[in-house]
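Asks: Below is a structure I'd like to ask you about.
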Amino acid sequence: MRKRDIDIFGMLLGLIIGCILGFFLSSRISFNNKPGTEEVMSEKGSVYLLQITKTNDPTKVKNLLEELKLDGLEAVDVRKGNDSYYIYGGMALEEAKLANLEADYLEKGYPTRIVKENLLDKLRAEMENQEEMDFLTECVENLLNSLAGKRVEISPKYMDELKHPWILASLLYLNENSEENLMKLQLLAYKHIMEALE
350 MRKRDIDIFG
360 MLLGLIIGCI
370 LGFFLSSRIS
380 FNNKPGTEEV
390 MSEKGSVYLL
400 QITKTNDPTK
410 VKNLLEELKL
420 DGLEAVDVRK
430 GNDSYYIYGG
440 MALEEAKLAN
450 LEADYLEKGY
460 PTRIVKENLL
470 DKLRAEMENQ
480 EEMDFLTECV
490 ENLLNSLAGK
500 RVEISPKYMD
510 ELKHPWILAS
520 LLYLNENSEE
530 NLMKLQLLAY
540 KHIMEALE
């Protein structure tokens with residue numbers, strides 16, 4: 350064999366191997382997704398909560414809620430797990446919308462922090478019963494719609510069944526109240542949904 354024959358054979362072999370590897374690699378890459386699509390999908394269902402505190406002491410929760418009310422601040426307690434209580438003073442789809450409220454709490458001496466939570470992911474992770482998950486998914490989507498300034502619409506089948514009447518009532522009140530009470534009612538709806546997951 351001459352050197353020239355070996356070079357052509359090597360080039361053809363490299364080309365074939367490259368084509369095979371290219372085929373397998375391209376099958377793992379999706380060309381239909383636009384850049385940033387994955388990030389947007391994971392953001393669906395996310396909310397920002399103004400957390401005032403977390404405690405295990407129910408007496409502390411009661412006292413703090415009364416103290417906040419005397420200072421003109423509205424907050425709700427949400428029980429998560431067996432003995433953890435979170436007190437939230439606000440909720441929004443964007444972190445920036447909580448800035449003024451956070452400043453109000455800080456001005457009155459209450460340290461806060463803004464936490465991000467994906468409600469739909471939490472729901473999918475904790476629910477096993479499909480029927481219950483469908484109901485709570487609709488409730489979460491209605492809460493998200495309310496936070497986006499849209500009207501809450503509950504399916505007639507859930508209204509007829511009257512599953513979790515506290516959740517349904519808190520969601521229905523979101524359509525009827527003024528801006529002043531809206532955030533408190535959204536927090537109450539969040540509380541009822543989260544406690545239904547326990």
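All residue numbers for the sequence shown refer to the numbering used here, where the first residue is 350 and numbers rise by one.
Idealized CB from N, CA, C, for every residue including glycine.
(1) Can you tell me whether DSSP reads Asp-483 as helix, strand or coil?
(2) With distance defined between alpha-carbon atoms, name the residue in Ala-445, Lys-418, Tyr-459, Ala-448 nearest to Leu-533.
(3) Around the C-beta of Gly-458, are 16 or more other C-beta atoms found within 10 angstroms, so that it is buried, or is it exposed?
(4) Ala-424 to Asn-478, Cα distance in whole Å?
(5) Taking just the CA atoms, how far does Arg-500 sit from Asp-432?
(6) Answer with buried or exposed for Ser-495, where buried requires no fewer than 16 other C-beta atoms within 10 angstroms of its C-beta.
(7) Using only the alpha-carbon positions, how far apart do Glu-547 and Arg-428 sit?
(8) Which two residues bound the contiguous alpha helix (DSSP H) that contains Ile-516?
(9) Measure from the alpha carbon of Leu-511 to the alpha carbon of each residue in Ile-436, Phe-484, Tyr-539, then state which is nearest.
(10) Starting from the C-beta of Leu-447, find all residues in its chain whose C-beta is less than 7 Å away, skip the five residues before and the five after it, and write them out in chain order.
(11) With Ile-401 and Thr-486 assumed to form a contact (beta carbons below 8 Å), what rounded beta-carbon distance in angstroms separates them?
(12) Taking Gly-394 and Leu-468 to be in contact with their CB atoms under 8 Å, please state how far apart those CB atoms are, rounded to whole angstroms.
(13) Just to confirm my understanding: we take Met-508, look at its own chain, exclude 5 residues before and 5 after, and list those with CB closer than 6 Å. What are they?
(14) With distances taken from CA atoms, which of Ile-436, Gln-535, Ala-538 is nearest Thr-327?
(15) Identify whether Thr-408 lies in helix, strand or coil by the three-state DSSP scheme.
(16) For Asp-470, which of Ile-366, Met-543, Asp-426, Leu-531 has the nearest alpha-carbon?
Replies: The structure says:
(1) helix
(2) Leu is not the amino acid found at residue 533; the sequence shown has Lys there. When each option's Cα is compared against that of Lys-533, the closest is Lys-418.
(3) exposed
(4) 31 Å
(5) 34 Å
(6) buried
(7) 9 Å
(8) Segment 514-525, the alpha helix (DSSP H) holding Ile-516.
(9) Phe-484
(10) Tyr-397, Leu-399, Gly-439, Ala-441, Ile-463
(11) With a Cβ gap of about 28 Å, Ile-401 and Thr-486 do not count as contacting.
(12) 5 Å
(13) none
(14) Since the first residue of the chain shown is 350 and the last is 547, residue 327 is not available in this structure.
(15) helix
(16) Comparing Cα-Cα distances from Asp-470 to each of Ile-366, Met-543, Asp-426, Leu-531, the minimum goes to Met-543.
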